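Below you'll find the structure, written out as structure tokens, and then a few comments.
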Amino acid sequence: MRGTAAIIEVALNGPRASDPESLAQEALECIEAGAAIVHQHDRASDPDTMAADGTEMYSRVLAQRPDAILYPTSALGGDIEYRWRHHVTLHSRGLIRMALADPGSVNLGRVGARPGETPSSFVYANSFADFAYKLDRCRELGLAPNIAIFEPGWLQTVLAHEREGRLPRGCFVKLYFSGGHTGRGGYTFGLPATRKALDAYLEMLEGSSVNWAVAVLGGDCVASGMATMALEAGGHLRVGHEDWAGDGSRPSNADLVRDAVRLCAAVGRPVATPDEASVVLGLRPH
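Just so we're on the same page, our numbering is the position in the sequence shown counted from 1, plus 231.
Next comes the structure, spelled out in structure tokens:
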């Protein structure tokens, strides 16, 4: 896979609230550093506020980088039409070419295994019907599905749709590994960030044509070695504050992107520009 362009996605903030202007500035810095795809969470979790914040942020980014590939997270509460409604608004304003389309459900947060630690109660839920709705809307609107894989069953679901010819154009699958931190900011879902865990997913992906990337939530994608293994196997990368929980002081999002860029050079993988990533994924132009 040496010489094949690597796509870098940066997840700016996760649940850490930030204003659209600050997020836009960070996004521009990350794109300049080498990111092709930018993902953010907004100050609120209702679709109307998310559409307003996304419009402000994305307009600022696209004014300087019309090639940028941007996509938001899911709203919370309500049915799938409600949780996905801001995507429709952002698409109608010409601001997105990609959409979040996660296929499964998972417990996210702390398990309460430490003395005095209260277990989390948040379940990130996406039914099979919810996933089919998102794929149908992506196909209807010409949006590329950006799909997180928290558990192996989620990938099984994606591959089942692929076998039936139901995956819209531009599908980008991210294999999420647990960094193993069970304290603040940590996760205990899915598979750990190991060679055997990656190999299990790669075995599942044999014969599939979907583009895939790796991410380590509650850890460090580069320092863990997962990024190197993925690049050598032909995959792509996701980094950013939403995921990072490494040692020492927290680097900036742009620094995390630059770390990924340096690794790509060391492995012999050029970094894809947003336009090059658009070609790889088959995204429609703005």
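All residues carry an ideal CB built from backbone N, CA and C; glycine is no exception. This one's a predicted model, so the numbers in the text were calculated from it and none came from an experiment.
Taking residue i as the reference, which of the options has the closest Cα?
i: Glu473; options: Glu463, Ala464, Val488; result: Val488
i: Ile512; options: His467, Leu326, Gly479, Leu293; result: Checking the sequence shown, residue 512 turns out to be Leu, not Ile. Of the listed residues, the one whose Cα sits closest to Leu512 is His467.
i: Gln271; options: Gly477, Val492, Val470, Leu494; result: Val470
i: Asn377; options: Ala258, Val453, Lys365, Cys261; result: Lys365
i: Glu263; options: Ile311, Arg493, Ala497, Ala485; result: Ala485
i: Ala375; options: Gly410, Glu382, Ala332; result: Ala332
i: Leu520; options: Met457, Gly245, Arg345, Thr349; result: Given a span of 232 to 517 for the chain in the structure shown, any question on residue 520 remains unanswerable.
i: Glu382; options: Gly245, Ala428, Thr320; result: Ala428
i: Pro246; options: Asn338, Arg274, Trp385; result: Arg274
i: Asp203; options: Gly308, Ser253, Gln295, Gly465; result: Shown here, the chain extends from 232 to 517; a query on residue 203 therefore has no answer.
i: Cys369; options: Leu386, Arg397, Asn338; result: Arg397
Apart from the five residues on each side of it in sequence, which residues of its chain come closer than 6 Å, Cβ to Cβ, to residue i?
i: Ser351; result: Gly340, Arg341
i: Asp298; result: Pro505, Asp506
i: Pro251; result: Asp284, Glu287, Met288
i: Arg314; result: Ser305, Ala306
i: Ala236; result: Pro501, Ala503, Glu507
Mind checking who residue i pairs with in its DSSP beta bridge?
i: Lys365; result: None, per the DSSP bridge assignment.
i: Ser409; result: Pro423, Leu448
i: Trp475; result: Gly450
i: His270; result: Ala242, Tyr302
i: Leu331; result: Asn377
i: Asn338; result: Val354
Check for me: the alpha helix (DSSP H) holding residue i runs from which residue to which?
i: Arg469; result: No alpha helix (DSSP H) contains Arg469, which is instead part of the beta strand (DSSP E) from 467–470.
i: Ala258; result: 251–264
i: Leu321; result: 311–323
i: Ala275; result: Premise fails: Ala275 is in no alpha helix (DSSP H) and is neither H nor E.
i: Ala496; result: 484–498
i: Thr459; result: 457–463
First and last residue of the beta strand (DSSP E) that includes residue i?
i: Val527; result: The requested residue 527 is not part of the displayed model; the chain covers only 232 to 517.
i: Val241; result: 239–242
i: Tyr418; result: Note, Tyr418: premise wrong, no beta strand (DSSP E); not H, not E.
i: Ile378; result: 375–380
Cutting at 8 Å between CB atoms, please list the residues of its own chain near residue i, excluding the five before and the five after it.
i: Thr388; result: Pro334, Gly335, Phe359, Phe362
i: Val292; result: Ala255, Ala258, Leu259, Ile262, Val269, Ala299, Leu301
i: Asn442; result: Ile238, Cys402, Phe403, Val404, His467, Val511, Leu512
Among residues of its own chain, excluding the 5 on either side of residue i, which ones have a beta-carbon nearer than 7 Å to its beta-carbon?
i: Arg515; result: Arg328, Gly373
i: Val498; result: Thr459, Leu462, Glu463
i: Asp277; result: Ala306
Exercise. Is the number of C-beta pairs between the segment 506–513 and the segment 392–407 that are closer than 8 Å three or more?
Worked result: Contact between the segment 506–513 and the segment 392–407 is present: three or more C-beta pairs spanning the two stretches fall below 8 Å.
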